[in-house]
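Using the working numbering, count along the sequence shown one by one with no gaps and you end on 125.
Reviewing the structure listed below.
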Amino acid sequence: TLEANPGACDAARFGAYRALGFNRLSIGVQSFNEASLKALGRKHSGPDAERAFALAREAGFANLSLDLIYGAPGQSVEGARGDAAR
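Listed below in structure tokens is the structure:
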């Protein structure tokens, strides 16, 4: 298992991880909401997280998880549901 930050993900890096034998990836998305990400001090954006997920799939990661935070400063229940639905 490998953990990755969405702001530091690219196709070459994911390909190298697969070549090294990693078969499970956890991406620290935390939220797709820009305000929540800012409140959490995260440097990536919602689109960065979506791109990281797509690149991981393209690299062949079939066992993939996204870390989401519930209860971030300013996050509503609806906002958390929106993150989970994505």
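C-beta atoms are modelled at their ideal positions from N, C-alpha and C, and glycine is treated no differently.
Using only alpha-carbon positions, find the residue among the options that is nearest to residue i.
i    : options            : result
L103 : A88, S75, L79      : A88
A119 : G80, S70, K77, R96 : S70
L94  : A50, S65, A43, N44 : A50
G113 : E73, A98, E97      : E73
N44  : R57, A101, R90     : R90
G99  : R57, I66, E42      : R57
Which word fits residue i, buried or exposed, when buried means at least 16 other C-beta atoms lie within 10 angstroms of its C-beta?
i    : result
V116 : exposed
P86  : exposed
L76  : buried
Between the alpha carbons of residue i and residue j, how many angstroms are there, rounded?
i    : j    : result
F53  : R125 : 21 Å
L105 : S84  : 14 Å
T40  : A55  : 14 Å
K82  : R96  : 22 Å
G67  : A101 : 17 Å
F92  : G110 : 23 Å
Give the C-beta separation of residue i and residue j to the nearest angstrom, bearing in mind that I take them to be a contact with Cβ-Cβ under 8 Å.
i    : j   : result
I108 : L64 : That pair is no contact at about 18 Å.
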